[in-house]
Amino acid sequence: MTRKYSDDLAKPIKLAPLGLLHTPEHCDARSKAHIAEVERRMGLLFEAHGVIAGDWKNLCWSLALDLPGFQVTSSQPVGRRKCWDELTRALLVLSIDELRAVEPSVTAATQRLAEQEPWLQMVRHAKGDERLRSESTRPTDPRLLSMLRDSRDLMIASGQITDEPGAFARKYLAVNYAQHEPRNEQ
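Going by the numbering used here, the sequence shown wraps up at 187, each residue one higher than the last.
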């Protein structure tokens with residue numbers, strides 16, 4: 002967090018230029034004016050940082066904490082965990098396609114999916130079917146969809162899952178998301 006200064010602390014010190022015929026007294030007067038202005042602004046700097054004038058150690062700490070090298074960041078990502086990646090979206094599209102064989106429309110398919118796991122935990126609100134419909138319309142790589150269809154067909158053929166619509170997504174997402182998602186055990 003970089004501190005923003007105002008008034009004189011935000012402006013450079015402007016000294017009157019020495020004339021061509023300046024004397025040593027003029028140089029001394031200019032030097033004393035410069036020192037007086039620096040001292041006055043140092044007082045303003047102490048005030049701006051909420052430090053008692055002359056407490057140099059605390060002023061140094063306050064100035065250092067404004068530098069990026071002294072700030073603490075978390076290695077954990079901030080905010081809600083992202084659950085809608087391209088793979089999850091492709092599994093949703095695949096589940097909707099499977100249900101389209103049974104349900105007449107995308108709306109009916111997303112309403113049915115919104116009531117069952119794993120989609121239920123991803124859309125924990127009343128308009129979950131709208132969220133699923135919205136996510137399913139986002140671009141999905143056709144090669145990924147093809148790969149998932151082939152994997153689903155192999156798992157059905159080997160008996161690892163049933164041919165029930167959504168079984169493949171439930172199996173895949175249960176393995177990959179359940180360990181990261183805290184469950185409410187009420």
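From the three backbone atoms N, C-alpha and C, an ideal C-beta is built for every residue, glycine too.
Please read these numbers as outputs of a predicted model, since none were measured by experiment.
Reference residue i, options the options, closest by Cα
i: Leu92; options: Arg139, Thr74, Phe71 and Leu68; result: Arg139
i: Ser96; options: Leu133, Leu64, His35 and Ser7; result: Leu133
i: Glu38; options: Glu165, Arg90, Glu104 and Pro13; result: Pro13
i: Asp9; options: Glu118, Pro18 and Arg41; result: Arg41
i: Asp142; options: Leu121, Tyr6 and Asp86; result: Asp86
i: Arg150; options: Ala34, Leu114, Arg113 and Glu99; result: Glu99
i: Leu174; options: Pro119, Lys128 and Gln161; result: Pro119
i: Ser147; options: Ala168, Val94 and Lys172; result: Val94
i: Leu16; options: Arg4, Ala65, Ile36 and Pro25; result: Ile36
i: Ser7; options: Leu19, Pro25, Leu46 and Arg144; result: Leu46
i: Asp67; options: His27, Lys5 and Leu19; result: Lys5
Extent of the continuous alpha helix (DSSP H) to which residue i belongs
i: Cys61; result: Trp57 to Ala65
i: Lys12; result: Segment: none, Lys12 is in no alpha helix (DSSP H) and carries neither H nor E.
i: Gln122; result: Trp120 to Met123
i: Ala91; result: Glu87 to Arg101
i: His27; result: Pro25 to Ala49
i: Leu108; result: The sequence given here places Thr at residue 108; Leu does not occur at that position. Residues Val107 to Ala115.
i: Arg134; result: Gly129 to Ser137
| said: Under 8 Å: do the region 45-52 and the region 100-116 share three or more Cβ pairs, one atom per stretch? | reply: The region 45-52 vs the region 100-116: no contact.
| query | Curious, which full-length alpha helix (DSSP H) runs of at least 4 residues does the region 141-168 contain? | reply | Segments of the alpha helix (DSSP H) lying fully in the region 141-168: 143-159.
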